[in-house]
Amino acid sequence: MEIAQSAGATLSHYPHPSAEGRFGEALSIDVAHLGNRSADRQLLVISGTHGQEGYAGSAAQVGWLLSSESEIALTDVGVLLVHGLNPYGFSHGSRTTENNVDLNRNFVDHTRPYPENPGYEKLHHALTPAVWSRDSFDSVSGAEAEFIETEGVDALFNALVAGQYSHPDGLMFGGNRREWSNFMLERILGDHIGGASKVAFIEWHTGIGDYGKPFFLSFNDPQSEEMRQAALWWGPDVANARPHGMTRPAYRGLVFYGVQAFLPNARVAGAVIEFGTRGPEAGAVAMRQDRWLRFHGEAVSTEMQTLLWADLRDSLNPASYLWRQAVVDHGVVLTRAALCGLARW
Ligand SMILES: [Zn+2]
22 MEIAQSAGAT
32 LSHYPHPSAE
42 GRFGEALSID
52 VAHLGNRSAD
62 RQLLVISGTH
72 GQEGYAGSAA
82 QVGWLLSSES
92 EIALTDVGVL
102 LVHGLNPYGF
112 SHGSRTTENN
122 VDLNRNFVDH
132 TRPYPENPGY
142 EKLHHALTPA
152 VWSRDSFDSV
162 SGAEAEFIET
172 EGVDALFNAL
182 VAGQYSHPDG
192 LMFGGNRREW
202 SNFMLERILG
212 DHIGGASKVA
222 FIEWHTGIGD
232 YGKPFFLSFN
242 DPQSEEMRQA
252 ALWWGPDVAN
262 ARPHGMTRPA
272 YRGLVFYGVQ
282 AFLPNARVAG
292 AVIEFGTRGP
302 EAGAVAMRQD
312 RWLRFHGEAV
322 STEMQTLLWA
332 DLRDSLNPAS
342 YLWRQAVVDH
352 GVVLTRAALC
362 GLARW
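Here it is as structure tokens:
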């Protein structure tokens with residue numbers, strides 16, 4: 022906060038009305054707005070949609086703030102930093118919200134029937150064991166191998182990560198109503214950049230891609246001007262993402278879709294930018310571990326819980342200073358590239 026303030030930002034806080042942090046602390050989404058706050062062009066940078074990934078996103082935001090004195094004097098562009106979009110998950114070290122909702126699957130139209138995910142239905146039981154053990158890993162592997170045999174590996178990936186709306190205690194649950202963070206994002210955008218007509222979008226995540234390297238997931242239409250812009254800023258890889266080498270899943274309810282809906286008069290160009298951690302299995306195991314700790318963790322000793330939480334955190338936010346330095350270095354460069362590109366768009 023002090024860093025944002027000394028960079029000349031206007032700060033706002035959106036306090037959570039009920040949920041508490043891990044140490045009983047108050048929770049809020051914190052927002053910093055810099056540069057020309059009423060400009061037609063605004064860069065939107067979001068961290069902490071998934072709790073454990075918030076550390077890397079926060080570091081990229083702060084790294085840019087510390088490196089950017091000259092940029093924030095830009096007269097044509099504003100920069101809106103949204104810090105900790107899912108403050109409950111950030112504090113508790115969990116991917117999901119206070120309601121076990123994957124916020125990045127929550128931005129669907131909740132007044133309409135939810136999309137089905139029959140593949141997830143088949144796997145739900147194996148993916149959500151009551152006991153965390155070698156046996157439970159084996160039953161996931163068995164269920165996945167069976168699934169791959171009939172439907173293929175891309176279909177498996179899609180079933181696992183597209184999102185599901187039928188099991189509140191499951192993985193990638195998109196919710197049955199709008200989450201608090203979903204409402205707040207709409208308010209934040211309305212309060213700060215509702216008048217913008219061109220918005221560059223960065224949402225920091227971790228878990229996909231090579232160790233410490235950025236990986237782009239753009240949800241702009243491949244043929245659109247927005248995609249062309251994003252590729253100008255960050256290179257052609259932006260348009261060709263194959264997460265973990267798979268066909269890109271039919272993700273539902275992404276934050277990006279929420280941003281588009283909340284800014285109906287703006288063209289929104291950009292991407293989720295991931296930083297790779299432990300490789301393709303990391304995210305899948307982390308999600309199951311996260312869910313198991315939340316629903317069943319008390320079945321094991323405090324020492325074991327502490328160990329599993331630490332391992333979970335390290336799987337999406339590696340302790341290595343080399344990894345952390347890489348995140349900040351890439352974060353600053355990619356933010357700067359988007360900002361310069363936006364100024365010329
Ligand atoms: Zn994520």
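Each residue of the sequence shown is one higher than the last, beginning at 22 in the numbering used here. Even for Gly, the Cβ is constructed at its ideal location relative to N, Cα and C. Only a predicted model underlies this, so the values are computations on that prediction, with no experimental measurement involved.
Integer-rounded CB distance, given that L64 should sit under 8 Å from V280: Residue mapping note: residue 280 aligns to position 259 of the sequence shown, counting from 1. Residue mapping note: residue 64 aligns to position 43 of the sequence shown, counting from 1. With 8 Å as the limit, V280 and L64 do not qualify as a contact, their Cβ atoms being about 12 Å apart.
For A28 and G228, the rounded distance between their alpha carbons: Here residue 228 refers to the residue found at position 207 of the sequence shown. Here residue 28 refers to the residue found at position 7 of the sequence shown. Computed Cα separation, rounded: 30 Å.
Exposure of P108, with buried meaning 16 or more beta-carbon neighbours within 10 Å: Numbered from its first residue, the sequence shown carries residue 108 at position 87. With 16 or more Cβ atoms within 10 Å of its Cβ, P108 is classed as buried.
Test item: CB-CB of V98 and A60 under 9 Å: Sequence index remark: in the sequence shown, residue 98 carries index 77 (1-based). Sequence index remark: in the sequence shown, residue 60 carries index 39 (1-based). Going by C-beta atoms, V98 is nearer than 9 Å to A60.
Beta-carbon proximity of R126 to G195, cut-off 9 Å: Counting from one through the sequence shown, the residue named residue 126 turns up at place 105. Counting from one through the sequence shown, the residue named residue 195 turns up at place 174. Yes, these two residues count as a Cβ contact at 9 Å.
Contact check, A180 vs L144, beta carbons under 9 Å: As a position in the sequence shown, residue 180 is number 159, starting the count at 1. As a position in the sequence shown, residue 144 is number 123, starting the count at 1. Going by C-beta atoms, A180 is nearer than 9 Å to L144.
4-residue-minimum alpha helix (DSSP H) runs that sit fully inside the stretch 75–113, ordered along the chain: 75–87, 108–113
Neighbour-count burial assignment, T356, 16 or more Cβ in a 10 Å radius: Within the sequence shown, the letter at position 335 stands for residue 356. The residue is buried, with at least 16 neighbouring Cβ atoms inside 10 Å.
Neighbour-count burial assignment, P189, 16 or more Cβ in a 10 Å radius: Here residue 189 is taken as the residue at index 168 of the sequence shown, counted from 1. That one is exposed.
Alpha-carbon spacing of M205 relative to H34, whole angstroms: In the sequence shown, the residue the question calls residue 205 occupies position 184. In the sequence shown, the residue the question calls residue 34 occupies position 13. Cα to Cα, the separation comes out at about 10 Å.
Delimiting residues of the beta strand (DSSP E) encompassing L32: Stepping through the sequence shown from its first residue, residue 32 is reached at position 11. Counting along the chain, the beta strand (DSSP E) containing L32 begins and ends at 31–41.
Per-residue DSSP class, three states only, for T117: Numbered from 1 along the sequence shown, position 96 holds the residue referred to as residue 117. Correct three-state label for T117: coil.
Same chain only: Cβ atoms within 8 Å of V263, ignoring 5 sequence neighbours per side: Against the sequence shown, residue 263 aligns to sequence position 242. Val is not the amino acid found at residue 263; the sequence shown has Arg there. For R263, where only same-chain residues beyond five positions count, the Cβ hits under 8 Å are R269.
Within 9 Å, strictly: CB atoms of G352 and Q82: Residue mapping note: residue 352 aligns to position 331 of the sequence shown, counting from 1. Residue mapping note: residue 82 aligns to position 61 of the sequence shown, counting from 1. Contact flag set, yes.
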